[in-house]
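Numbering (my numbering), first residue to last: 145 to 337. No residue lacks a Cβ here, since even glycine has one placed at the ideal position from N, Cα and C. In this text, all values refer to a predicted model and were calculated from it rather than measured experimentally. Read the structure below first, then the notes.
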Amino acid sequence: MQTQHQPTINKNQKEQAMQYRRAFTPGGSYFFTLALQDRKQDLLVRYIDALRQAFAEVKTRHPFEITAVCVLPDHLHLLVKLPEHDQNYPMRLRMIKAKFSQALPKIENVSPSRRQKNERGIWQRRYWEHKIRNQEDLNAHIDYIHINPVKHGYVARVADWPYPSFHRYVWQGILPAAWAGGDMDGDSGFGEP
Numbered sequence: 145m146q147t148q149h150q151p152t153i154n155k156n157q158k159e160q161a162m163q164y165r166r167a168f169t170p171g172g173s174y175f176f177t178l179a180l181q182d183r184k185q186d187l188l189v190r191y192i193d194a195l196r197q198a199f200a201e202v203k204t205r206h207p208f209e210i211t212a213v214c215v216l217p218d219h220l221h222l223l224v225k226l227p228e229h230d231q232n233y234p235m236r237l238r239m240i241k242a243k244f245s246q247a248l249p250k251i252e253n254v255s256p257s258r259r260q261k262n263e264r265g266i267w268q269r270r271y272w273e274h275k276i277r278n279q280e281d282l283n284a285h286i287d288y289i290h291i292n293p294v295k296h297g298y299v300a301r302v303a304d305w306p307y308p309s310f311h312r313y314v315w316q317g318i319l320p321a322a323w324a325g326g327d328m329d330g331d332s333g334f335g336e337p
């Protein structure tokens with residue numbers, strides 16, 4: 145007689161085990177990668193104004209500083225600094241995703257599990273998060289964010305991509321317009337889902 149395996153873990157234990165441990169530091173700086181569920185889509189650049197509006201609305205209600213950002217067709221990289229006594233970045237990211245999704249026409253196929261959770265299926269549920277440790281780490285992530293359009297082959301020069309904070313860095317005199325004009329020193333290996 146064959147016996148069936150009975151799991152010894154209950155539903156609550158399973159959900160707890162599946163939760164990722166996140167670093168929460170009031171006033172901390174964090175690097176994030178948010179990706180679309182369908183990585184073949186270009187919704188982030190096609191609806192860039194809706195994305196900008198989502199960021200603006202969330203920043204108005206729950207302030208944070210955008211240190212660096214780069215929006216690509218199917219994902220974005222973001223480096224933020226939270227207010228001194230605030231560590232709630234998950235709420236901000238959830239709101240940005242929701243506001244952007246609400247602004248889009250309903251054209252996607254929604255799985256039954258997402259429908260049950262009242263999700264549209266536009267974004268991947270999870271995101272990459274990294275707590276910035278020091279100035280060297282901060283600088284490396286800013287560079288990674290800005291070089292990303294070149295890394296993915298969208299442009300030969302960072303200055304040619306229309307959706308990074310790189311242009312603000314040039315305008316403020318922090319970086320020259322010719323920075324990373326096409327030669328990449330390799331891949332840092334972080335931030336890509």
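Buried or exposed: where does I114 fall if 16 or more other Cβ atoms within 10 Å of its Cβ makes it buried?
Because the chain spans 145 through 337 in this model, residue 114 falls outside it and cannot be assessed.
Got a sec? Which residues, its chain only, sit under 8 Å from A322 by beta carbon, not counting five neighbours each side?
To locate residue 322, count along the sequence shown from 1; it is residue 178. The residues are R301 and A303.
How many Å lie between P234 and R190 at the Cα?
Translated into the one-based positions of the sequence shown, residue 234 becomes position 90. Translated into the one-based positions of the sequence shown, residue 190 becomes position 46. CA-to-CA, the gap between P234 and R190 works out to about 25 Å.
Entirely within the stretch 209 to 287 and at least 4 residues each: give me those alpha helix (DSSP H) ranges in chain order.
Counting whole runs of 4 or more residues, the stretch 209 to 287 contains the alpha helix (DSSP H) stretches 233 to 247 and 256 to 260.
What did DSSP end up calling A321 once you bin it into helix, strand or coil?
By 1-based counting over the sequence shown, the position of residue 321 is 177. Taken through DSSP and simplified to helix, strand or coil, A321 comes out as coil.
Between which two residues does the beta strand (DSSP E) harbouring T177 extend?
Numbered from its first residue, the sequence shown carries residue 177 at position 33. Counting along the chain, the beta strand (DSSP E) containing T177 begins and ends at S173 to A179.
What are the partner residues of P293, as DSSP defines its beta bridges?
The residue given as residue 293 occupies position 149 in the sequence shown. Its beta-bridge partners do not exist; DSSP assigns none.
Below 6 Å CB to CB, which residues in the same chain sit around R183 once its five sequence neighbours on both sides are set aside?
The count along the sequence shown starts at 1 and reaches residue 183 at position 39. Answer for R183: D218, listed in chain order.
Cα-Cα, which of L223, H221, I276 and A198 is closest to R238?
Sequence index remark: in the sequence shown, residue 238 carries index 94 (1-based). If we check each option's Cα against that of R238, A198 comes out closest.
Confirm, please, whether the CB-CB distance from I286 to Q181 is below 9 Å.
Taking the first residue of the sequence shown as position 1, residue 181 is located at position 37. Taking the first residue of the sequence shown as position 1, residue 286 is located at position 142. The answer is no: Cβ separation not under 9 Å.
Along the chain, where does the alpha helix (DSSP H) that runs through T204 open and close?
Sequence index remark: in the sequence shown, residue 204 carries index 60 (1-based). From DSSP, the alpha helix (DSSP H) with T204 extends over I192 to R205.
Does the distance from the C-beta atom of L195 to that of I276 stay below 9 Å?
Mapped onto the sequence shown, residue 195 falls at position 51. Mapped onto the sequence shown, residue 276 falls at position 132. Their beta carbons are not under 9 Å apart, which means L195 does not touch I276 by this criterion.
Under the rule that 16 or more other beta-carbon atoms within 10 Å means buried, what is G241, buried or exposed?
Along the sequence shown, one-based indexing puts residue 241 at 97. A small fix is needed here, since residue 241 is Lys in this sequence, not Gly. Counting every other CB atom within 10 Å of its CB across the protein chains shown gives K241 a total of 16 or more, marking it as buried.
CB-CB under 6 Å to Y307, same chain, minus the five flanking residues each way: which ones, in chain order?
One-based indexing of the sequence shown puts residue 307 at position 163. Once the five neighbours on either side are set aside, the close Cβ partners of Y307 are V215.
Can you list, in chain order, the residues of its chain whose CB lies under 7 Å from that of V202, leaving out five sequence neighbours each side?
Residue mapping note: residue 202 aligns to position 58 of the sequence shown, counting from 1. Same-chain partners within the cutoff: R236, M239, I240 and K243.
Is T204 buried or exposed, if buried means 16 or more other CB atoms sit within 10 Å of its CB?
Numbered from its first residue, the sequence shown carries residue 204 at position 60. So T204 ends up on the exposed side.
Where Y298 and W305 are concerned, what is the direct C-alpha to C-alpha distance, given to the nearest angstrom?
Within the sequence shown, the letter at position 154 stands for residue 298. Within the sequence shown, the letter at position 161 stands for residue 305. For Y298 and W305, the distance between alpha carbons rounds to 8 Å.
Who pairs with P308 in a beta bridge, going by DSSP?
Along the sequence shown, read from residue 1 onward, the residue named residue 308 stands at position 164. Paired residue(s): C214.
Which word fits T139, buried or exposed, when buried means at least 16 other C-beta atoms lie within 10 angstroms of its C-beta?
Limits of the chain in this structure are 145 at one end and 337 at the other, which puts residue 139 out of reach.
Does the Cβ-Cβ distance between S309 and L226 come in under 9 Å?
Your numbering for residue 309 matches position 165 in the sequence shown. Your numbering for residue 226 matches position 82 in the sequence shown. It is not a contact, given that the beta carbons lie outside the stated cut-off.
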